[in-house]
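Below is one structure, written out as structure tokens; the observations come after it.
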Amino acid sequence: MVDTARTPEGGPLGAPGDGPCVACRSADVSDEGVCADCGRAQPTGRDRMVADFGQVAGISDRGRRRARNEDSMAFGVVTNGAPAVAAVVCDGVATSDRADTASQRAVDTALEVLLDAAREGGDAEAATRAAVATAIEQVTALADPDTPGTAPSCTFVSAVVTDSAVTVGWVGDSRAYWLAESGARALTADDTVAAELVAEGMSEEEAMSAYQAHALSKWIGADAGSLEPRTLTLTPDGPGLVLLCSDGLWNYLPEPAALVDALPGAPAEVGAMAGADELTRIALELGGHDNVTTVLVPFPPTT
Numbered sequence: 003m004v005d006t007a008r009t010p011e012g013g014p015l016g017a018p019g020d021g022p023c024v025a026c027r028s029a030d031v032s033d034e035g036v037c038a039d040c041g042r043a044q045p046t047g048r049d050r051m052v053a054d055f056g057q058v059a060g061i062s063d064r065g066r067r068r069a070r071n072e073d074s075m076a077f078g079v080v081t082n083g084a085p086a087v088a089a090v091v092c093d094g095v096a097t098s099d100r101a102d103t104a105s106q107r108a109v110d111t112a113l114e115v116l117l118d119a120a121r122e123g124g125d126a127e128a129a130t131r132a133a134v135a136t137a138i139e140q141v142t143a144l145a146d147p148d149t150p151g152t153a154p155s156c157t158f159v160s161a162v163v164t165d166s167a168v169t170v171g172w173v174g175d176s177r178a179y180w181l182a183e184s185g186a187r188a189l190t191a192d193d194t195v196a197a198e199l200v201a202e203g204m205s206e207e208e209a210m211s212a213y214q215a216h217a218l219s220k221w222i223g224a225d226a227g228s229l230e231p232r233t234l235t236l237t238p239d240g241p242g243l244v245l246l247c248s249d250g251l252w253n254y255l256p257e258p259a260a261l262v263d264a265l266p267g268a269p270a271e272v273g274a275m276a277g278a279d280e281l282t283r284i285a286l287e288l289g290g291h292d293n294v295t296t297v298l299v300p301f302p303p304t305t
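FYI, the numbering used here numbers position 298 of the sequence shown as 300, with every residue one higher than the one before it.
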């Protein structure tokens, strides 16, 4: 008996005409993938990946400036027993080789570990550490020993959502947020040069002016060294949404309150797909300078 539903390995690939126009939202998109109202050709394949399981939904879009989409997402739902959802978002490091392959390999392999633990009722923080270890092993194996300095690399953020808790883990600057009408907050803290300087006591203004302030201090890849993710478990006191996203979204909407305001309804009421679609649309409308990945998981999950 199949007890999980998950995005397929290699990514949930969209096709022209699968949804409204990504530019003007018109429903009049031809089978050839051209909007009859604004004339924009619709993205296909990895350019725009969409999946909706009700309890979790996500969109990963190439954006308007990048040549390809190097973000990846994967998520799954345990369909019998105690309800649980696991989701992973990875952002390929653009300066590395085969960044899209690295991010996809990481989300696919990490999700399997998280879903296995969720089915068995295992400790979510321990499962998150094991998932990252597996992702590191798989991404490291992509490196070409004859081409130093170009090791495929990515960031990582994951969530395991049960009917009582939300557990997140991360490496790099992809983020997780808790979105609710009250108490919305960021659940992760970026692994960047600036963030580490602030943690050491430097003012945010000074840290942001430091050399390579936005550069990653941790990532997943053969050249990343030994590392473990940071983890956090939240016990919400009411319904809301868990958001996983790449910097293509949070660069435009970094504050939790702004994300809540951008949703097409109250966090406890809006559907995961409707919320992901609207947040992605806003990031594209504001410029779409980077790949944009948005995954939403309602809390508590339902069977």
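We put the beta carbon where it would ideally sit given N, CA and C, even for glycine. Since this is a predicted model, take the numbers as computed values, not measurements.
Exercise. What are the complete beta strand (DSSP E) segments, minimum 3 residues, inside the region 65-106?
Worked result: Counting only runs of at least 3 residues, the region 65-106 fully encloses the following beta strand (DSSP E) elements, listed from N- to C-terminal order: 73-80, 86-93.
For this session: For Arg121, name the three-state secondary structure that DSSP assigns.
Result: helix
Exercise. Which of the three DSSP states, helix, strand or coil, is assigned to Gly277?
Worked result: helix
Exercise. Would DSSP call Ala221 helix, strand or coil?
Worked result: It is Trp, not Ala, that sits at residue 221 in the sequence shown. Looking at Trp221 - three-state DSSP - the assignment turns out to be coil, as it is neither helix nor strand.
For this session: May I ask which residues mark the beginning and end of the beta strand (DSSP E) holding Thr295?
Result: 294-301
Problem set entry | Cβ separation of Thr157 and Ser176, assumed to be a contact under 8 Å, to the nearest whole Å | 4 Å
Exercise. Based on Cα-Cα distance, which residue from Glu114, Ala43, Ser160, Val80 lies nearest to Asp33?
Worked result: Ala43
Exercise. Taking just the CA atoms, how far does Pro302 sit from Ala182?
Worked result: Distance between the alpha carbons of Ala182 and Pro302: 12 Å.
Problem set entry | Whole runs of the alpha helix (DSSP H) within the region 147-205, excluding any shorter than 4 residues | 195-201
Exercise. Whole-angstrom Cβ separation of Gly78 and Gly290, contact assumed at under 8 Å?
Worked result: Contact doesn't hold; Cβ gap of about 28 Å is too wide.
For this session: Decide if Ala38 is buried, meaning its Cβ has at least 16 other Cβ atoms within 10 Å, or exposed.
Result: With fewer than 16 other Cβ atoms within 10 Å, it is exposed.
Exercise. Roughly how many whole angstroms lie between the Cα atoms of Thr111 and Pro22?
Worked result: 31 Å
For this session: Go ahead and pull the three-state DSSP assignment for Gly60.
Result: strand
Problem set entry | Expected contact under 8 Å - CB spacing of Thr282 and Asp63 to nearest Å | 6 Å
Problem set entry | Buried or exposed by the 16-neighbour rule on C-beta atoms within 10 Å, applied to Pro231 | buried
For this session: Quickly, what does DSSP pair Thr6 with across the bridge? List them, please.
Result: DSSP lists Val80 as the bridge partner or partners of Thr6.
Exercise. Exposed or buried, what is Ser2 when buried is set at 16 or more other beta-carbons lying within 10 Å of its beta-carbon?
Worked result: This structure cannot settle anything about residue 2, because the visible part of the chain is limited to 3 through 305.
Exercise. If Pro269 and Gly242 are in contact, beta carbons under 8 Å, what's the gap, nearest whole angstrom?
Worked result: 5 Å
For this session: Compare the C-alpha of Val109 against each of Ser98, Gly94, Ala119, Asp99 and name the closest.
Result: Gly94
For this session: May I have the straight-line CA-CA distance separating Ala17 from Ala29, to the nearest angstrom?
Result: Unreliable placement is indicated for Ala17, whose pLDDT of 48 sits below 50; the coordinate value is still reported in the next sentence. When rounded, the distance between both Cα atoms is 14 Å.
Exercise. DSSP three-state call for Arg42: helix, strand or coil?
Worked result: Under the three-state reduction of DSSP output, Arg42 falls in the coil class, being neither helix nor strand.
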